[in-house]
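> Going down the list, the protein sequences come from chains Y, F, W, C, V and Z.
Taking numbering that gives the first Met the number 0, the leading residue of the first sequence gets 0, the next gets one more, and so forth.
Taking numbering that gives the first Met the number 0, the leading residue of the second sequence gets 0, the next gets one more, and so forth.
Taking numbering that gives the first Met the number 0, the leading residue of the third sequence gets 0, the next gets one more, and so forth.
Taking numbering that gives the first Met the number 0, the leading residue of the fourth sequence gets 0, the next gets one more, and so forth.
Taking numbering that gives the first Met the number 0, the leading residue of the fifth sequence gets 0, the next gets one more, and so forth.
Taking numbering that gives the first Met the number 0, the leading residue of the sixth sequence gets 0, the next gets one more, and so forth.
Attaching a single structure in structure tokens format; questions to follow.
6 protein chains.
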Amino acid sequence: MKRLLITGAAGGLGRLMRTRLAHMADTIRLTDLTEMEPEGDGEEVVQANLADEAAVHDLVQGCDGIVHFGGVSVERSFDLISDANLRGVYNLYEAARANGHPRIVFATSNHVVGFHTQDRRLSAHDPMKPDGLYGVSKCFGEAMASMYHSKFGQETALVRIGSCFPEPINHRMLATWFSPDDFVSLIECCFRAPRLGCPIIWGVSDNDEQWWDNSAARYLGWRPKDSSARFRDKVEAANERPSADAPDSVYQGGAFTADPIHRD
Amino acid sequence: MKRLLITGAAGGLGRLMRTRLAHMADTIRLTDLTEMEPEGDGEEVVQANLADEAAVHDLVQGCDGIVHFGGVSVERSFDLISDANLRGVYNLYEAARANGHPRIVFATSNHVVGFHTQDRRLSAHDPMKPDGLYGVSKCFGEAMASMYHSKFGQETALVRIGSCFPEPINHRMLATWFSPDDFVSLIECCFRAPRLGCPIIWGVSDNDEQWWDNSAARYLGWRPKDSSARFRDKVEAANERPSADAPDSVYQGGAFTADPIHRD
Amino acid sequence: MKRLLITGAAGGLGRLMRTRLAHMADTIRLTDLTEMEPEGDGEEVVQANLADEAAVHDLVQGCDGIVHFGGVSVERSFDLISDANLRGVYNLYEAARANGHPRIVFATSNHVVGFHTQDRRLSAHDPMKPDGLYGVSKCFGEAMASMYHSKFGQETALVRIGSCFPEPINHRMLATWFSPDDFVSLIECCFRAPRLGCPIIWGVSDNDEQWWDNSAARYLGWRPKDSSARFRDKVEAANERPSADAPDSVYQGGAFTADPIHRD
Amino acid sequence: MKRLLITGAAGGLGRLMRTRLAHMADTIRLTDLTEMEPEGDGEEVVQANLADEAAVHDLVQGCDGIVHFGGVSVERSFDLISDANLRGVYNLYEAARANGHPRIVFATSNHVVGFHTQDRRLSAHDPMKPDGLYGVSKCFGEAMASMYHSKFGQETALVRIGSCFPEPINHRMLATWFSPDDFVSLIECCFRAPRLGCPIIWGVSDNDEQWWDNSAARYLGWRPKDSSARFRDKVEAANERPSADAPDSVYQGGAFTADPIHRD
Amino acid sequence: MKRLLITGAAGGLGRLMRTRLAHMADTIRLTDLTEMEPEGDGEEVVQANLADEAAVHDLVQGCDGIVHFGGVSVERSFDLISDANLRGVYNLYEAARANGHPRIVFATSNHVVGFHTQDRRLSAHDPMKPDGLYGVSKCFGEAMASMYHSKFGQETALVRIGSCFPEPINHRMLATWFSPDDFVSLIECCFRAPRLGCPIIWGVSDNDEQWWDNSAARYLGWRPKDSSARFRDKVEAANERPSADAPDSVYQGGAFTADPIHRD
Amino acid sequence: MKRLLITGAAGGLGRLMRTRLAHMADTIRLTDLTEMEPEGDGEEVVQANLADEAAVHDLVQGCDGIVHFGGVSVERSFDLISDANLRGVYNLYEAARANGHPRIVFATSNHVVGFHTQDRRLSAHDPMKPDGLYGVSKCFGEAMASMYHSKFGQETALVRIGSCFPEPINHRMLATWFSPDDFVSLIECCFRAPRLGCPIIWGVSDNDEQWWDNSAARYLGWRPKDSSARFRDKVEAANERPSADAPDSVYQGGAFTADPIHRD
């Protein structure tokens, strides 16, 4: 690619992936609402608000790929989520439509199915069960991507990210851990495939515990290589086992299911 | 019921159902953004904006049931849809949470699956394929209802309405027609059931053409009694058959699938 | 048929069906552990204990059909259930094997799936979820019938009876009611079919509420004709609506799910 | 329609439907390999061999609809079946391609699934299990229709006919009977639908015994109105019940499953 | 764990696993109807009859985990099976209920599905097809576990054991072999999981031949590591290939399907 | 085996497998319509036409296994396909029936499902969607094999071959490549299994891209060992990526879907 746009570059995912994705394009354009690390070689850093339509159109112009990590990524008030994850997503898809439909990798979340219990193995088309306003906003994002695909041919990989951290740090993450390396190889597959479509892909490594069945997305040729298994002893040493009735033991969304509605 | 709130009372559905639902409660509270017919016996008429949080809390207070027809019901700009169908829905569910969780009948739409083709028979859990911003906003509403059910026990009947008109007026409506009487009997079932949960119900009569399988909702005891069959000759006389490639012949969402994104 | 054996003739089902099945055979042999009404024309009345192997062999001898209503039909102690519903069923199948495999209509129960919730529509092969020792004993009976079919060709209709009473008498029975006439027509179909096999059939009328999908058994040619709908007003007048959290509103097995283990 | 071609007009189906379909077009063109009844008003009678490519092109020219009853309809030698049901079908589809793709109603057969047992309820996409060379040739025909649809947009209704006779005449036909009137209404639906596609439809009336699930084809708006039930007593009086192990009791294809390969 | 109860300690499975499970608890309490090897360090050996309710309550008291290998494990008379596998299981669950619901790993068997053919790949919820009285008794045990889970929250891992031997010794075991090491790692997972529920797990190693799909149980984080493949040559050298019609080639339950009913 | 017949020995597959299958039998009988390489040790070379019934009977006589690569393997005229793939297959199965039913490995093709899109993962029983006359002829072959299995017990492995070449040579083959070694090991499994039945097996290696789910055939004990992954760089260097709308990117059958009907 000539230029790849990465939104949410100052957030957890963004910082984790910034250098790991450097090889994907001649230029990486990085954006966030807040301040980012200074521009390096082959990088463009542009501070912008996803809720600002004109700004988003400027961001997308000239890009032939988008990795969308931007927006709110935890439970917050409706106002905050509305700006970033509802209007922001609309702005992004309109900007893509105006700019030749660059392919999008969209970071959606396991929290769209957070209220399913951990003893169920889900396929991509099991019913949504979002676990908070954040989860609801990601359902909205997936619906938006589907509509732009059906209507305009816009291609998006909807990656329902489990827990993308350098390593798993609690019991639940033994099931949900998504290694940064596996995420990189997935992004590579998404941009390499001759035809992407608009698949839902579970963003999770090849862990022993498995709640999510990715076989429907095997046409893309992606196989995760990492597993949380090598961190199990460390995780179990550092954490007491959650009780059998704790949200972290019961629901796929873990503690998010117990979050209140944030009123401010 | 003591008091039933009907939102969107000035819209097509609202006007069609206003008198038909009069028997459901001692008082019917009617609301809309625009002017409504004057208050009758056993009615309260309150003009209000669903995007106004305080106003919505006032509307819901004192009601033990809600029939939500309110919001935008055709393809419109994101701004209009955002106010009414995103923020408005959030306001409604927050108001219900603050007021003892009155049961809700929520008018969602076949346009959440509008890009499925007409030769498929869908169950409630086939993947969403919204056909425009309006359809996307209804996906959001369904997700919101699911979340409030999982998290707070709020019960909602998600009625994906086909075409609720006095009679079917074109070929597509032979399949999608939902007679007002069948809608009334469904609403009765939803409020009568000892336990409602948060089911997705296809709002459609017992037409000969059937795109939607309601058997999963049979636990509620609802059976449609009307059929579009008696209007077939009239419809065929009044309308030329759409060509085999017209959106009205191809997609379940019909002409909505061909709508552009409304930019203002 | 020459001679039809009806077990459990002194029980609720047995008394309800005794005259209704009189036309099925030249001779009806009636049996129960307790005293029955005196023998009428074309009847043989034989008091016997299903746990007594020799007695059961005598009962079955000379019969070319069996309708098995016998055994415990509510939650009781393990000892009582074991004698009647475990050993008794074994004795029945061994007796049938020794006597030319007369076809059996076996009254099993909705309580084999009693812990499924009322908002699910089950097929015959959804997982069992028995709601007490009684339900567990009926799982055993179904397994026994399956084994004798696979191994020896013994044919059995496993009828999972909902609520077979003259009329429905509470809210749950609006969904589970099985009219005696519909049961008779089902029994006729089971004995008339050239080939029966070992199907699981939901014993329920054509009620508006439907938890159970009988379509897999449509090869037998049985269609229920009755519906609980004509009793709805009477039921609703005579019973307060159960609360949304009562077992009668939540579980298919209703109040059985709340029974304790009977220790004596 | 201006002109409807009916092949196989001298066969059982053809004679049964000839007058019943007279209203479907200004002109009915009738064809068969053998002699037919003389031409009536609005009819054209053309004797022709389906294996003769040029003749078939002539037949199809000028027609805007085809009802294909032609070909071998019982177990015969490979040579006979090959000419009529393999080459003949290829000729028909090539002729349709050369003549503007008139819509086709294709009489395929339950014998494509004849080796499924009678205690299974099949959907249109259960695996084929043909019961003889005739059944295999109908699998071929269905595959041909599918290919011309995918490749050229040719629309075909693949009607897997049960037993289309004036009335059912044995036990098996109580399940498989397809009344001529129901077939007529189905053909009307197929030509009336704005978009037909290439559905598989079970050609069977609304009998009490049901082996075949037609719900996937409900989008066409067809509902059978007849039932074999009113002939049950007559059938049972006229026929001894087949034994439980007879092919007519075991397999959906009945006695066809016991046919040998015809070597001449 | 403080104390783990292992029933059936004198049987094949019990002897194979006794030392392999020594690390699972401070004290291993071993029990059987017959004499066992003398008590070792960290062991308690208690001879007892599972049919004796009081004895079973004593056994379970003070244990925080149970591995239930006890009972009859091959085809025997109904009397023997009834005592051990029906009453014995009831006693075990009642004892667990009275003693704080220690988690149970229950050795059920592939013989609950023994009459399925070997060319089918089963999930945990395919219909049961037991292949003898032993298989029927295991269906009963699974139903009992399900009921105690639904009613009282008792957690059980229902492990349908294939063939747990040091190595596979005939052709069928190439598919059914369950290595003792894989069984140990499964038991570890069952006791380690924060929440177990009541899953059905196929007890089988990662063999090339696979009749059983364990993906639904992947939430537990168990992966078998062994395969029968390394024993294939040895097995094929030592055994003639069974004929294509032998029970060992046709049915998943193998030779058990050909066992008679044991009458004494 | 004593003697294994390989048809189509002069074709691509035949030449690739000739030496690789040499170990399978004492004698390999090789046949083709055209000239083959001269006979080697343990080989018999017999030129013959599959459309010649007597010749095919001679070929099969004395063989206890058949690997059927013969017939047309690309899009050709109906006449050519009819002789080789319709009549030829009939002749082969009749010859097998007359000669003790030697087990058959039948090379069918992914082109029976060629019009499915590449973003779908198919099981063996998804609907056929052949992509040309060649694909239709393979549907016919599969139906014929099924019928001879149901009727006469003839066993066949229906191997739907992806792309069996020494290595993958374009982007589509990264998904469809079937290494010759994997094909050999599959053929070994098919002849080794005590009971084969008539399974549909996807002939494809363990590539990263996966359109076809082989789990239903895992009862045979076959696991592919090769992957196209090691050729990815070479393939991508040698080929431009096909456009997203090219048949090679859209359909599983690739360019075959764009072939015309060959009229001569």
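Note that CB positions come from ideal geometry on N, CA and C, so glycine has one too.
Does residue 234 of chain C come out as helix, strand or coil in the three-state DSSP assignment?
If DSSP states are grouped into helix, strand and coil, residue 234 of chain C belongs with the helices.
> Comparing alpha-carbon positions, which option in V:35, V:94, V:117 lies nearest residue 256 of chain V?
Selected option, being the one with the closest Cα: V:117.
> State buried or exposed for residue 258 of chain Y, treating a residue as buried only when at least 16 other CB atoms are found within 10 Å of its CB.
Classification of residue 258 of chain Y: buried, given that the 10 Å Cβ count is 16 or more.
> Determine the contact status of residue 186 of chain V and residue 157 of chain V, defining contact as a CB-CB distance below 8 Å.
For residue 186 of chain V and residue 157 of chain V, no; Cβs fall outside 8 Å.
> Mapping the DSSP letters down to three states, classify residue 59 of chain V as helix, strand or coil.
If DSSP states are grouped into helix, strand and coil, residue 59 of chain V belongs with the helices.
> Is it buried or exposed for residue 107 of chain W, if we count other Cβ within 10 angstroms and need 16 for buried?
Flag for residue 107 of chain W reads buried.
> By DSSP, does residue 214 of chain V sit in helix, in strand, or in coil?
Note: residue 214 of chain V maps to helix in three-state DSSP.
> Assign residue 101 of chain Y to buried or exposed, taking buried as 16 or more other Cβ atoms, counted over all protein chains shown, within 10 Å of its Cβ.
The residue in question, residue 101 of chain Y, is buried, as its Cβ has 16 or more Cβ neighbours within 10 Å.
> Please report whether the beta-carbon of residue 74 of chain W lies at a distance below 8 Å from any beta-carbon of chain V.
So, not an interface residue.
> Closer than 8 Å, CB to CB, is residue 142 of chain W near chain V or not?
So, interface residue.
> What separation, rounded to the nearest whole angstrom, lies between the Cα atoms of residue 227 of chain W and residue 7 of chain C?
Looking at the two C-alpha atoms, the distance is approximately 50 Å.
> How would you list, in chain order, the residues of chain Z whose beta-carbon sits under 9 Å from the beta-carbon of residue 130 of chain C?
Under the 9 Å cutoff, chain Z gives 146, 149, 150.
> Going along the chain, which unbroken runs of the beta strand (DSSP E) with 3 or more residues stay wholly within the region 160-191 of chain V?
Segments of the beta strand (DSSP E) lying fully in the region 160-191 of chain V: there are none.
> Hey, is the region 89-103 of chain Z in contact with the region 175-183 of chain Z, meaning 3+ C-beta pairs nearer than 8 Å?
Contact fails: fewer than three Cβ-Cβ distances are below 8 Å.
> Does the beta carbon of residue 183 of chain F sit closer than 8 Å to a beta carbon anywhere in chain C?
Not closer than 8 Å to any Cβ of chain C, the Cβ of residue 183 of chain F fails to qualify, so no.
> Tell me the DSSP bridge mates of residue 108 of chain F?
BP columns for residue 108 of chain F point to F:160.
> State yes or no: is the C-beta of residue 65 of chain F within less than 8 Å of the C-beta of residue 4 of chain F?
In this structure, residue 4 of chain F lies closer than 8 Å to residue 65 of chain F by Cβ.
> Name the residue from C:208, C:224, C:243, C:143 whose alpha carbon lies nearest to the alpha carbon of residue 207 of chain F.
Out of C:208, C:224, C:243, C:143, C:224 has the C-alpha closest to the C-alpha of residue 207 of chain F.
> Considering only their Cβ atoms, is the gap separating residue 67 of chain C from residue 105 of chain C smaller than 8 Å?
Against a cut-off of 8 Å, the Cβ pair of residue 67 of chain C and residue 105 of chain C comes out as a contact.
> Starting from residue 67 of chain W, trace the beta strand (DSSP E) in both directions and tell me its first and last residue.
Unbroken beta strand (DSSP E) run through residue 67 of chain W: 64-67.
> Tell me which same chain residues have a C-beta within less than 7 Å of the C-beta of residue 85 of chain W, skipping the five on either side of it?
Result list for residue 85 of chain W: 136, 139, in chain order.
> Would you identify the three-state DSSP class for residue 239 of chain F, choosing helix, strand or coil?
In this structure, residue 239 of chain F counts as coil in the three-state DSSP scheme.
> Verify the CB distance criterion: does residue 79 of chain Y have a CB-CB separation below 8 Å to chain V?
Taking Cβ atoms only, chain V never reaches closer than 8 Å to residue 79 of chain Y, which makes this a no.
> Within the same chain, show all residues whose beta-carbon is closer than 7 Å to that of residue 181 of chain Z, passing over the 5 residues directly before and after it, in chain order.
204, 223, 224, 225.
> Thinking C-alpha only, which one of W:109, W:54, W:2 is nearest residue 211 of chain W?
Ranking W:109, W:54, W:2 by Cα distance to residue 211 of chain W puts W:109 first.
> With a cut-off of 8 Å on the beta carbons, I'd call residue 26 of chain Z and residue 2 of chain Z a contact; round off their distance for me.
Yes, they are in contact, since the Cβ atoms of residue 26 of chain Z and residue 2 of chain Z sit about 4 Å apart, within 8 Å.
> Got a sec, what are the start and stop residues for the beta strand (DSSP E) residue 96 of chain F sits in?
No beta strand (DSSP E) contains residue 96 of chain F, which is instead part of the alpha helix (DSSP H) from 87-97.
> Is it buried or exposed for residue 13 of chain Y, if we count other Cβ within 10 angstroms and need 16 for buried?
Residue 13 of chain Y is buried by the Cβ-count criterion.
> Taking 8 Å as the CB-CB limit, is residue 138 of chain W close to chain V?
Cβ-Cβ to chain V under 8 Å: yes for residue 138 of chain W.
> Within a Cβ cutoff of 6 Å, which residues of the same chain sit near residue 232 of chain W, ignoring the five residues on either side of it in sequence?
If we look at residue 232 of chain W and ignore the five residues flanking it on each side, it has no Cβ neighbours.
> Please report the distance separating the alpha-carbon of residue 35 of chain Z from that of residue 21 of chain Z.
The straight-line gap from Cα to Cα measures roughly 16 Å.
> Cβ of residue 143 of chain Y within 8 Å of Cβ of residue 89 of chain Y?
Taking 8 Å as the Cβ cut-off, residue 143 of chain Y and residue 89 of chain Y qualify as a contacting pair.
> Assuming residue 33 of chain Y contacts residue 53 of chain Y under a Cβ cut-off of 8 Å, what Cβ separation, rounded to an integer in Å, is found between them?
Not quite, the Cβ-Cβ distance comes to about 19 Å (not below 8 Å), so this is no contact.
> Quick one: give me the first and last residue of the alpha helix (DSSP H) that residue 80 of chain F is part of.
Residues 77-80.
> Between residue 115 of chain Y and chain V, is any beta-carbon pair separated by less than 8 Å?
Not an interface residue.
> Are any of the Cβ atoms in chain Z nearer than 8 Å to that of residue 210 of chain V?
Closer than 8 Å to some Cβ of chain Z, the Cβ of residue 210 of chain V qualifies, so yes.
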